[in-house]
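Student:
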Amino acid sequence: MKKLKLFSVQPLNIDLGLLLIRLIIGLLMGFIGYEKLIHFNELVVDEFWAKNVSFLGMNGAIPLALTVFAEFFCSVLLIVGLFTRVSSFFLLFCMGYIFTVIFPGAVLDKGEHGYEFNTAFIYFMIYLGLFFTGPGKYSLDAKFFKK
């Protein structure tokens, strides 16, 4: 049996860590996307999506549909570890768009209880890490796309 080395720089289990990150971040973003999916018709007519969100000159339903695709469907793919890099790319793009175009310059803001990071920026950084590391061996990608 291996000894647990708390002060070692060697990883304990990278694949388990990647699985936990994928599950937690996927579930958190998936719930956000699911809420947008079930309230799609109400959000399309909302002033925020009609006036503030413009993607390639399109307003309203198309940017909202692309956001739902990224936040919900790509999060489901991320949870199971299928097409992880592709889905994390779409999520990266979505979160990057939010923190650079929708709320520009709002990576760090003064909040009610001190400084706060924009959650889209935090999600962006986690998806960037997953993009570079991949899903790990506890994923459908590892099962279907073995070398």
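This note's numbering puts the last residue of the sequence shown at 139; the count rises by one with no breaks.
Note that the Cβ used here is the ideal one computed from N, Cα and C, for glycine as well.
1) Quick one: which unbroken alpha helix (DSSP H) runs of 4-plus residues sit fully inside the stretch 60 to 111? Chain order, please.
2) What is the rounded straight-line gap between the Cα of ASP101 and the Cα of LYS138?
3) May I have the straight-line CA-CA distance separating LEU48 from VAL93, to the nearest angstrom?
4) Could you check whether TYR130 and LEU11 sit closer than 8 Å to each other, using their CB atoms as the reference points?
5) Report the rounded CA-to-CA distance for TYR26 versus ILE90, giving the unit in angstroms.
6) Which residue comes first and which comes last in the alpha helix (DSSP H) that contains ALA42?
7) From LEU37 to ALA62, what does the alpha carbon distance come to, in whole angstroms?
8) In this structure, how does DSSP classify ASN33 when only helix, strand and coil are distinguished?
9) Return the bridge partner residues of PHE47 from the DSSP annotation.
10) Assign PHE137 to one of three DSSP states: helix, strand, or coil.
11) Between the Cα of PHE95 and the Cα atoms of THR111, LEU19, HIS105, which residue gives the shortest distance?
12) Can you check whether the CB of ILE71 is closer than 8 Å to the CB of GLY126?
Tutor: Considering the structure as presented:
1) Along the length of the stretch 60 to 111, whole alpha helix (DSSP H) runs at least 4 residues long occupy 67 to 72, 76 to 89, reported in chain order.
2) Approximately 44 Å between the Cα atoms of the pair.
3) Roughly 12 Å separates the two Cα atoms.
4) Closer than 8 Å, so yes.
5) If you take the alpha carbons of TYR26 and ILE90, they lie about 18 Å apart.
6) Here ALA42 belongs to no alpha helix (DSSP H), and DSSP marks it neither H nor E.
7) Rather than Leu, the amino acid found at residue 37 in this sequence is Val. Between VAL37 and ALA62, the alpha-carbon positions lie close to 20 Å from each other.
8) Helix, per DSSP.
9) Looking at the DSSP output, PHE47 bridges to MET50.
10) In this structure, PHE137 counts as coil in the three-state DSSP scheme.
11) The shortest C-alpha to C-alpha distance from PHE95 to any of THR111, LEU19, HIS105 is the one to THR111.
12) For GLY126 and ILE71, no; Cβs fall outside 8 Å.
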